[in-house]
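This note's numbering puts the first residue of the sequence shown at -13, with every later residue one more than the last.
The C-beta atom is built at its ideal place from N, Cα and C for all residues, glycine as well.
Owing to the predicted nature of the structure, the values given are computational and were not obtained by experimental measurement.
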Amino acid sequence: MIKIDNLHKRFGKLHVLKGVNMEVKPGEVKVLIGASGSGKSTLLRCINFLEKKNKGEIYISGKKIKPTEKNINDIRKKVGMVFQHFHLFPHMTALGNVIEGLITVEKMSSTEATKIGLDLLESVGLGDKANEYPSMLSGGQKQRVAIARSLAMNPKVMLFDEPTSALDPELVGEVLEVMKDLAKKGMTMVVVTHEMSFAEEVADKVAFMDDGFIIEEDCPSRMFQNPQHERTQSFLSRIL
């Protein structure tokens, strides 16, 4: 579903991604872990072309992506992204946020879009919040609206960039439950998170990033119980 080949990204003199190689199979959940500044979020943003790569290739569904404006817009329909800080439109209701893309991008009628939007809000446990504005919602509810908004475009892949790190601890579980449900339904997902219990329970593969490289990748049980690389060992010993 996704293939990354020798991906490099620089911000001026700062070399953030230094030749990343990664594959994500259809239906696979891949969790990226590592210290802040290791390149995890930049990798996600490059996959979704929110950041322009300096070198390397990105393949989606077997096709090499040439970053023209039309190609990028098409890719963003297939590759949904959920951010740390929600990025909801404050002047729109929960339902308005979910259906905006369907109406403006897909040119769908308001009636049709509303039906899809209500079904999606129901699926993330927010059927009763459709007419409430973001200011009236908790952080966990806002993030679930953001997930529903991404799902509205019927993506093939979902990217999650630390989706629970801005939430109060008691609200983390409700967002992770929605993500677990997506995984059970076979959604291809790449997740940057510090929630190791989620990685252990849901991930097919866990990849450890350090200093712009994927240092080690394995199934969760082996990664957490018997990491091979000393940098992985050092990182996990501090957080587990």
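query, result
"Can you list, in chain order, the residues of its chain with a C-beta nearer than 8 Å to that of S24? Leave out the 5 residues immediately preceding and following it.", "M195, D196, D197, G198"
"Can you tell me the Cα-Cα spacing of V178 and E148, whole angstroms?", "5 Å"
"Jot down the residue ranges of each uninterrupted alpha helix (DSSP H) in the region 135 to 212, minimum 4 residues, whole runs only, in chain order.", "155 to 170, 182 to 188, 206 to 211"
"Kindly list the residues whose CB is nearer than 8 Å to the CB of E181, restricted to its own chain and excluding five residues on each side of it in sequence; keep chain order.", "T150, V158, L162"
"Measuring only the C-alpha atoms, how far is I102 from Q70?", "24 Å"
"Of all the options I33, A169, R208, N83, which has the alpha carbon lying nearest to the alpha carbon of Y119?", "N83"
"Check N34 in the structure and name its three-state DSSP category.", "coil"
"Quick check: the Cα distance between A152 and M67, rounded to an integer number of angstroms?", "16 Å"
"Kindly identify the DSSP beta-bridge partner or partners of Y45.", "K(-11), K50"
"In whole angstroms, what is the alpha-carbon distance linking P227 and I44?", "No answer is possible for residue 227: the residues shown for the chain start at -13 and end at 226."
"Using DSSP's beta-bridge definition, name the partner residues of L0.", "F(-3)"
"Using only the alpha-carbon positions, how far apart do L226 and K26 sit?", "19 Å"
"What are the boundary residues of the alpha helix (DSSP H) that V84 is part of?", "80 to 90"
"According to DSSP, is V15 part of a helix, a strand, or is it coil?", "strand"
"Nearest by alpha-carbon distance to H73: which of L0, S121, N(-8) is it?", "S121"
"Return the residue from the list L104, I61, E160 that minimises the CA-CA distance to Q273.", "No answer is possible for residue 273: it lies beyond the span of the chain, which begins at -13 and ends at 226."
"Taking all protein chains shown into account, decide if S95 is buried (16 or more other Cβ within 10 angstroms of its Cβ) or exposed.", "exposed"
"Mind checking which residues open and close the beta strand (DSSP E) that includes G66?", "65 to 68"
"Considering only residues of the same chain and omitting the five flanking positions on each side of A169, which have a CB-CB separation below 8 Å?", "V15, M175, V188"
"Can you name the start and end residues of the alpha helix (DSSP H) that S96 belongs to?", "96 to 109"
"Just the C-alpha distance for K115 and Q127, rounded to the nearest angstrom, thanks.", "9 Å"
"Report the rounded CA-to-CA distance for G42 versus L30, giving the unit in angstroms.", "14 Å"
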